[in-house]
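Trainee: Dumping the structure here so I can ask a few things about it.
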Amino acid sequence: MCLAVPGRVLEIAERDGTRMAVVDFGGVVKDVCLEYLPDLKVGEYAIVHVGFALQWLDEESARRTLQLFEELGLLQEEFGDPWEAAAAAAAASSAKQEEER
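In the working numbering, the protein residues as written are 92 to 192.
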């Protein structure tokens, strides 16, 4: 699943001619392109989808959404370790095959 997730801008810098930010998504920190939101400032929140900040968001709405995503397990699903997820899926598949024998 690919979510649009609210995040808080921690740092802003230009990289190779592109305005980029370090963004905190409730404890997960990622690099995000800010080209669509040129006026976004450090400390503000934005909705981010596939590495692009798309829309400014107020702090209260961002915090509520992040809390809800966490309660539903969506943050782990979106930002979790893909190797860990693959290993868990493989283990589940092996266990199912053993049960079927």
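Beta carbons: idealized from backbone N, C-alpha and C, even for Gly. Everything numeric in this text was worked out from a predicted model, so none of it was measured.
Between which two residues does the alpha helix (DSSP H) holding L157 run?
Mentor: The sequence position of residue 157 within the sequence shown is 66, counting from 1. Start and end: 150 to 162.
Trainee: Where M92 and E151 are concerned, what is the direct C-alpha to C-alpha distance, given to the nearest angstrom?
Mentor: Residue numbering aside, residue 92 sits at position 1 when the sequence shown is read from its first letter. Residue numbering aside, residue 151 sits at position 60 when the sequence shown is read from its first letter. With a pLDDT of 47 at M92, under the threshold of 50, the modelled position of that residue is not reliable, and no figure is offered here.
Trainee: Under a three-way DSSP split, which group does K121 fall into?
Mentor: Taking the sequence shown and counting its residues from 1, one reaches residue 121 at position 30. Looking at K121 - three-state DSSP - the assignment turns out to be strand.
Trainee: Does DSSP put Q188 in a helix, a strand or coil?
Mentor: Locating residue 188 in the sequence shown gives position 97, counting from the first residue. Note: Q188 maps to helix in three-state DSSP.
Trainee: For A153, which residues from the same chain have a beta carbon less than 6 Å from its beta carbon, with the 5 sequence-adjacent residues on both sides left out?
Mentor: On the sequence shown, position 62 is the one that residue 153 refers to. Taken in chain order, the residues that qualify are P97, Y136.
Trainee: Using DSSP with H/G/I as helix, E/B as strand and the rest coil, what is L131?
Mentor: The count along the sequence shown starts at 1 and reaches residue 131 at position 40. Three-state DSSP puts L131 in coil, outside helix and strand.
Trainee: One question on the structure: do V280 and L101 come within less than 7 Å of each other, judged by their Cβ atoms?
Mentor: There is no way to answer for residue 280, as the model of the chain reaches only from 92 to 192.
Trainee: What's the call for T109, buried or exposed, on a 16-neighbour Cβ count within 10 Å?
Mentor: Residue numbering aside, residue 109 sits at position 18 when the sequence shown is read from its first letter. Exposed: under 16 other Cβ atoms inside 10 Å.
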